[in-house]
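S.K.: Residue numbers (the UniProt record's numbering): 3 to 215.
Cβ coordinates follow ideal geometry from the N, Cα and C atoms, glycine included.
Please read all numbers here as calculations on a predicted model, not as lab measurements.
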Amino acid sequence: TVKACLFDLDGVIVDTAVYHFQAWRRLANELGFDFTEHQNEQLKGISRMESLELILQWGGVSLSEAEKLDWATKKNQWYLDLVLQMTPNEVLPGVPAFLDALRANGIKIALGSASKNSKLILEKIQMLDYFDAIIDGNNITKGKPDPQVFLMGAEATHSLPSECVVFEDAVAGIQAAKAGGMKAIGVGSAEVLTEADFVISTFEEMTIERLNF
Ligand code: G6P
Ligand code: MG
Numbered sequence: 003t004v005k006a007c008l009f010d011l012d013g014v015i016v017d018t019a020v021y022h023f024q025a026w027r028r029l030a031n032e033l034g035f036d037f038t039e040h041q042n043e044q045l046k047g048i049s050r051m052e053s054l055e056l057i058l059q060w061g062g063v064s065l066s067e068a069e070k071l072d073w074a075t076k077k078n079q080w081y082l083d084l085v086l087q088m089t090p091n092e093v094l095p096g097v098p099a100f101l102d103a104l105r106a107n108g109i110k111i112a113l114g115s116a117s118k119n120s121k122l123i124l125e126k127i128q129m130l131d132y133f134d135a136i137i138d139g140n141n142i143t144k145g146k147p148d149p150q151v152f153l154m155g156a157e158a159t160h161s162l163p164s165e166c167v168v169f170e171d172a173v174a175g176i177q178a179a180k181a182g183g184m185k186a187i188g189v190g191s192a193e194v195l196t197e198a199d200f201v202i203s204t205f206e207e208m209t210i211e212r213l214n215f
């Protein structure tokens, strides 16, 4: 039976994925190129610096390490300008009700995110109190698709990987869950998240019964 649910943040609890996309596009545009929403799927779930490397490759732009850090900082400032305007209304549909149901059933709740901004975001949307454990970009040394972030979440909730269910909107995140020996439910499009056990489009479709498959 399921003892813990491990949630990605961006694109799962809240739609910050669109803010990341806006901020990265602005960076690309300022460097003189653009990229598509399709390419953006590859950025989901991966760290800030890894995302920057990919985008620079797409644009055929090479920068020094110092310039890279400068651009990453700029991107994060543009992103935080958007994050700071967030309200609890932006929590994705069905998320609070599902988390309440998990609590009522004694199932632990953990965050497994690559973001270094996760606590700030959870505060802005007033969701911090739901989480028994928070593992994020400040704790990990290996990013998704490495399973580290979710294995740490399992440990923090005193669960075995086989007792955990991961919720993810990113291909890299589903791969991380699977590499860790966990069940993985995709949030988004079944065409994109082909390696998930199953895919929901919103948490309104999710029930405690559907966890035990
Ligand atoms: C999440 C998002 C990525 C983002 C990464 C780092 O995994 O899906 O798009 O790049 O976190 O986020 P940060 O807030 O630290 O830049
Ligand atoms: Mg995500």
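Can you tell me whether DSSP reads L213 as helix, strand or coil?
M.R.: helix
S.K.: Given that a residue counts as buried once 16 or more other Cβ atoms are within 10 Å of its Cβ, and exposed if not, what is N119?
M.R.: buried
S.K.: Taking Cβ to Cβ, would you say W73 is nearer than 8 Å to S53?
M.R.: no
S.K.: Given this structure, state the Cα-to-Cα distance separating H160 from G108, to the nearest angstrom.
M.R.: A straight-line Cα-Cα distance of about 13 Å links H160 and G108.
S.K.: Out of E157, V168, V173 and R50, state which residue places its alpha-carbon closest to the alpha-carbon of A116.
M.R.: Minimum Cα distance to A116 is reached at R50.
S.K.: Going by C-alpha to C-alpha distance, which of E165, A19 and P90 sits closest to K180?
M.R.: E165
S.K.: For the candidate residues V85, I111, D171 and L104, whose alpha-carbon lies nearest to that of G13?
M.R.: D171
S.K.: Quick one, which of Q87, I137 and L153 has its alpha-carbon nearest I127's?
M.R.: For the residues Q87, I137 and L153, the minimum Cα distance to I127 belongs to Q87.
S.K.: Less than 8 Å separating the beta-carbons of L122 and V85?
M.R.: yes
S.K.: When the distance is taken between beta carbons, is D17 closer than 8 Å to G114?
M.R.: The answer is no: Cβ separation not under 8 Å.
S.K.: What runs of the beta strand (DSSP E), each 3 residues or longer, lie entirely inside the region 122 to 173?
M.R.: 135 to 137 and 166 to 170
S.K.: Quick one: measure Cβ to Cβ for A6 and A198, integer angstroms, because I've assumed they're closer than 8 Å.
M.R.: The pair is not a contact, with the Cβ atoms about 18 Å apart (cut-off 8 Å).
S.K.: Given a cut-off of 8 Å, decide if I15 and L94 are closer than it, judged by their beta-carbon atoms.
M.R.: yes
S.K.: So within the region 11 to 87, which uninterrupted beta strand (DSSP E) runs reach at least 3 residues, ignoring any that extend past its ends?
M.R.: none
S.K.: May I ask you to list the residues that DSSP assigns as paired with K110?
M.R.: A6
S.K.: By how many angstroms is the C-alpha of A158 removed from the C-alpha of G61?
M.R.: 40 Å
S.K.: Please determine whether the Cβ atom of K118 lies at a distance below 7 Å from any heavy atom of the ligand MG.
M.R.: Checking every heavy atom of the ligand MG against the Cβ of K118, none is found closer than 7 Å.
S.K.: Nearest by alpha-carbon distance to G183: which of L58, F152 and K146 is it?
M.R.: F152
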